[in-house]
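> In this note's numbering, the protein residues as written are 38 to 255.
For each residue, glycine too, the CB sits at the ideal point set by N, CA and C.
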Ligand code: DX5
Ligand code: ZN
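(1) When you compare only the Cα positions, how much space is there between residue 161 and residue 51?
(2) If you drop the 5 nearest sequence neighbours on each side, which residues of the same chain put their C-beta closer than 8 Å to that of residue 49?
(3) Taking 8 Å as the threshold, find out whether the region 117-136 comes into contact with the region 99-107 through three or more Cβ pairs.
(4) Under a criterion of Cβ closer than 5 Å to any non-hydrogen atom of ligand 2, which residues qualify, in chain order?
(5) Does DSSP classify residue 94 as helix, strand or coil?
(6) Here's the rule: buried if 16 or more other CB atoms are within 10 angstroms of the residue's CB, otherwise exposed. What is residue 200?
(7) Is the Cβ-Cβ distance between residue 187 and residue 170 less than 9 Å?
(8) With 16 other CB atoms within 10 Å as the buried threshold, where does residue 76 fall?
(9) With C-beta atoms as the reference, is residue 175 less than 9 Å away from residue 39?
(10) Per the DSSP calculation, residue 43 is bridged to which residue(s)?
(11) For residue 181, is the classification buried or exposed, using 16 other Cβ atoms within 10 angstroms of its Cβ as the cut-off for buried?
(12) I think residue 258 touches residue 41, with their Cβ atoms under 8 Å apart; what is that distance to the nearest whole Å?
(13) Can you tell me whether residue 222 is buried or exposed? The criterion is at least 16 other CB atoms within 10 Å of its CB, across all chains shown.
(14) Going by beta carbon distance, what residues of the same chain come within less than 7 Å of residue 195, once the five residues before and after it are set aside?
(15) By Cβ distance below 6 Å, which residues in the same chain neighbour residue 183 in space, the five residues on each side in sequence not counted?
(16) Under three-state DSSP, which class holds residue 150?
(17) I'd like to confirm something about residue 159: is its beta-carbon nearer than 8 Å to some heavy atom of ligand 1, or not?
(18) For the beta strand (DSSP E) that residue 172 lies in, which residues bound it at each end?
(19) Check this for me: beta carbons of residue 126 and residue 140, under 9 Å apart or not?
(20) Between the beta-carbon of residue 132 and the beta-carbon of residue 164, is there less than 9 Å?
(21) Measuring from the CB of residue 41, is there a heavy atom of ligand 1 at a distance below 8 Å?
(22) Would you mind listing the alpha helix (DSSP H) stretches within the region 156-206 that are 4+ residues and don't spill past its ends, in chain order?
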């Protein structure tokens, strides 16, 4: 079954407990937490303190997407704050395999995100060290951007790599997804779908989540 991961980036933080409860009750599988440092991406969000506070509001899987330089400096803090999946960017660090192994050693699931310009083939020598591949379908940094079509081919390539070498690995896609293209990204091989503005920008986020889930089932 396809997993739905609402991105809290587009939620209203003045009503965050209510917004989390809404998507929890509508059956969100993961809560996607976008961490931005103003260096890897030109935007800022939150750090481990906020993740730890949010942790008390939900038992869902916390899916932390670190858009920060030198992620190795912070993964322990995000794990301690309650992140279940820790995904960092291939482009943001030097020793990718070491960091994947470290994330697993502290009890989290380890993911790598690829910017639109980074080929899937960069993962061929670490596919066995991965619990999740995140294909970015926008340039990271902001919600509400348009889906970049190159992601479709990359999802198919990542799906083929996963099926051949590590079938347990999840394939997540993030950016510009909504009613018009959710079925297509699932068809291309994604099994975890991140959506921010299409869920939290809807008049009724819970109803929208259910509608999106129905469209996502192949
Ligand atoms: C963008 C973030 C996304 C963002 C997606 O850098 O990684 O998770 O919230 O937002 P939408 O779904 O609005 O494109
Ligand atoms: Zn994200």
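According to the data block:
(1) 42 Å
(2) 56 and 237
(3) yes
(4) 71, 102 and 211
(5) coil
(6) exposed
(7) no
(8) exposed
(9) no
(10) 232
(11) exposed
(12) The structure shown has nothing for residue 258, since the chain only spans 38 to 255.
(13) buried
(14) 157, 170, 172, 208 and 226
(15) 213
(16) strand
(17) no
(18) 169-173
(19) no
(20) no
(21) no
(22) 187-202
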